[in-house]
Amino acid sequence: MNIDRRRALALFGFGGAGAAGEAMAATPEGLHAALARFDHGVASGDPLSDRVILWTRVTAPDAKAPVGVRWDVATDPAFKNIVKQGHATADASRDNTVKVDVIGLKPATDYFYRFRQTVNRKAVGEAVVGRTRTLPVGPTKDVVLAVVSCSLYPAGYFNAYDAIAKLPRVDAVLHLGDYIYEYGAAPDQYGMASPTAKTRIPNPPHELLSLADYRLRHAQHKSDPAAQAAHARAPWIGVWDDHETADNSWVGGAENHQPATEGDWAKRKAAGIKAYYEWMPIREPVAGALPEASWRGFQFGDVATLLMTETRLTARTHQLDYSHDLAGADGKPDFAAFAVKLKDPTRRMMGQGQEQWLAREVDGSVKSGTAWQVLGNQVVMARVANADLKATMGEPAFADLLAKLPPYLAKAVEQSRALAAIDTPSNLDAWDGYPADRQRVYDIFKASQARPIVLSGDSHAFWANELWDDAGTTRVAAEFGVTSVASPGYSDYLPGAPIGKAFVARNKEVKFTDHAAKGFLLLTLEHGRATGELMAVSTILSPSYETRVLKRFVVTPGEDGGVKALAEG
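Numbering (the working numbering), first residue to last: 14 to 582.
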């Protein structure tokens, strides 16, 4: 399958935590005595005001033999003031990863942590060290979050991660999904056309199907120096999107999963989820809970409630597709019938249970006096209709663009322009493909008079959007969409085309979008204002790069909930 071609067409719309201070397993006797290594660094995540997850992975001469490790938490980098410590075991059942839920910590405090191998419960060898921070309680001046998504390994260097590691302050890093990708290393696979793919070859070199496959790909990403630096810099709060299992996944399958040749979807999905929990510093589901149900909340003092959602594997209805769902009985486009399908109220993204949780959390946050309700979400929520590049560029320039494109891509651009003549979404895999469910989320915001900021990934583009309800009378929320760390987007296929300008001209809700830059979002939340800085790295084709603020936008709260117009600042 020609993944680059398929992905290009898709872009155009076609196509369990341990007990207090204890590890997750007791330390057995007779552990492997040879010195092990920590080749995949350290990480921390899911911070609360009194606890945080610590993570590492042990590489030993005998991968099947359990290895003991000791962990220490201190208030200083020299570990002179150790406040918590304990023992854990790495074994093959969890791919030799170690995850510890350390409790009894102080709020709003920076901590340093380390792992060392133990032999007979005595620490030996070199330590691997990281830095983390607990969440604040009560009155809080501000919160600084770095937001990332979409890190395709062969497509380029993870310079956005490196830039985050060098920030003077970051309270937490949010990863909104596509931490890994499932594609293989064949020349026609997604990202393999990049010049960096020659030295950043996906491992394993085939498409991920088994638990062993997903584990190897996570290991490759955790071996990346920039990824290790960012993980060691601050706690991460992550959610998966589709590529942690397979492209355009939904509750019953995925676009990039063919049961006839690739087996049972449930088995593949379970493998991807298990590897994610093993390799990411995320708190494990409580006993009896569905592993897919990864939604959870984080309270940053009185400044922000962060609600991380799951929109792929628990309830999402199969995506609509223009190539299949637009045609009527006579084979001609039937836009009226398509609109009925699109607006079907039974089409779901999150499901009733998660929506009820979201309503409770949003209402509780507002009633507690928290300044902002922040939604950590995988895909763009704004209404984004197909754009008309010809109208933006003019006839001569548009014709010149088409002449330079391969036929399949020129056809996709023309089809997108045709769809722009009517009000059709540019991406049916985003919230635009589930408008009734989106309005249910907006109704939750409005019922509580929330002041929401929606964070989105997936699109490989920066966005600054204003979200309006279906009636078009209420500005419900602001949205910041973060571009990719490395994954290609529109501008990689249409270099030089004024894609952002075309989307802004076509869409009321889109105030700014850029489809060329790679980087991250730096979000500073304060009482009375929130500042989103779209941070762009100069290149991903070399580990040498510069960072700049591409755009800066300020969000202010509305009088009775909602937000005021975005201001460029």
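For glycine and all other residues, C-beta sits at the position ideal for the given N, C-alpha and C. It should be emphasised that the depicted structure is a prediction, and the values quoted were computed from it without experimental measurement.
- Our two residues, W263 and L538, have alpha carbons roughly 33 Å apart in a direct line.
- Counting only the Cα atoms, T437 lies some 12 Å from D347.
- In the DSSP annotation of this structure, the continuous segment of the beta strand (DSSP E) that includes Q312 starts and ends at 309-313.
- With distances taken between CA atoms, E479 lies nearest to L579 out of R361, A242, L579.
- S262 is bridged by DSSP to A267.
- Cβ contact annotation for L222 (same chain, cutoff 8 Å, sequence separation greater than five): E275, G276, R281, A284, in chain order.
- DSSP places H100 within a strand segment (E or B) once states are collapsed to three.
- With contacts defined by Cβ atoms closer than 8 Å, L355 and V160 do not form a contacting pair.
- About 19 Å separates the beta carbons of S162 and S551, which is beyond the 8 Å limit, so they are not a contact pair.
- Exposure of H337 is indicated by the presence of fewer than 16 other C-beta atoms within 10 angstroms of its C-beta.
- Approximately 26 Å separates the beta-carbon atoms of A443 and V379; this is outside 8 Å, ruling out the contact.
- If you ignore the 5 residues before and after G341, its C-beta comes within less than 7 Å of the C-beta of D347, A350, all in its own chain and listed in chain order.
- Boundaries of the alpha helix (DSSP H) harbouring R230: 224-236, taken from the DSSP string.
- Contact annotation: Y447 and M362 have beta-carbon atoms nearer than 8 Å.
- DSSP places R361 in the coil class of the three-state scheme, outside both helix and strand.
- Minimum Cα-Cα distance from L48 among the listed residues P74, W68, S62, I66 corresponds to P74.
- The alpha-carbon separation between G575 and G485 amounts to approximately 13 Å.
- Looking at the backbone, the Cα of E572 and that of Y170 are separated by about 44 Å.
- By the Cβ rule, the segment 425-437 counts as touching the segment 394-402, because three or more pairs are nearer than 8 Å.
- Contact check for K459 against A499 fails: the beta carbons are separated by 8 Å or more.
- The residue among V183, V111, A240 with its C-alpha nearest the C-alpha of Y166 is A240.
- Look at P420 here: in three-state DSSP terms it is helix.
- Taking C-beta separations shorter than 6 Å and ignoring five residues to either side along the sequence, the partners of P298 in its chain run P304, following chain order.
- One alpha carbon belongs to T88, the other to R309, and they sit about 27 Å apart.
- Spanning the alpha carbons of G314 and V65 requires a straight line of approximately 16 Å.
- P409 is bridged by DSSP to nothing; it lacks a bridge partner.
- If you ignore the 5 residues before and after L224, its C-beta comes within less than 7 Å of the C-beta of A284, K287, A288, all in its own chain and listed in chain order.
- For N133, the number of other beta carbons within 10 angstroms of its own is below 16, and it is reported as exposed.
- P508 is positioned such that its CB atom lies no closer than 8 Å to that of A449.
- Cβ-Cβ separation between W68 and A56: approximately 4 Å, consistent with a contact (criterion under 8 Å).
- Comparing alpha-carbon positions, the option among Y290, D184, Q367, T544 lying closest to Q312 turns out to be D184.
- Taken through DSSP and simplified to helix, strand or coil, F171 comes out as coil.
- In the three-state reduction of the DSSP assignment, P272 falls in the helix class, which pools H, G and I.
- Residue pairing by DSSP puts P570 in a beta bridge opposite V576.
- A distance below 8 Å between beta-carbons, with the five flanking residues on each side excluded, links A245 to the following residues of its chain, in chain order: G54, V55, A56, V142, G143, R144, A178.
- Pairing M293 with G58 gives a Cβ-Cβ distance under 8 Å.
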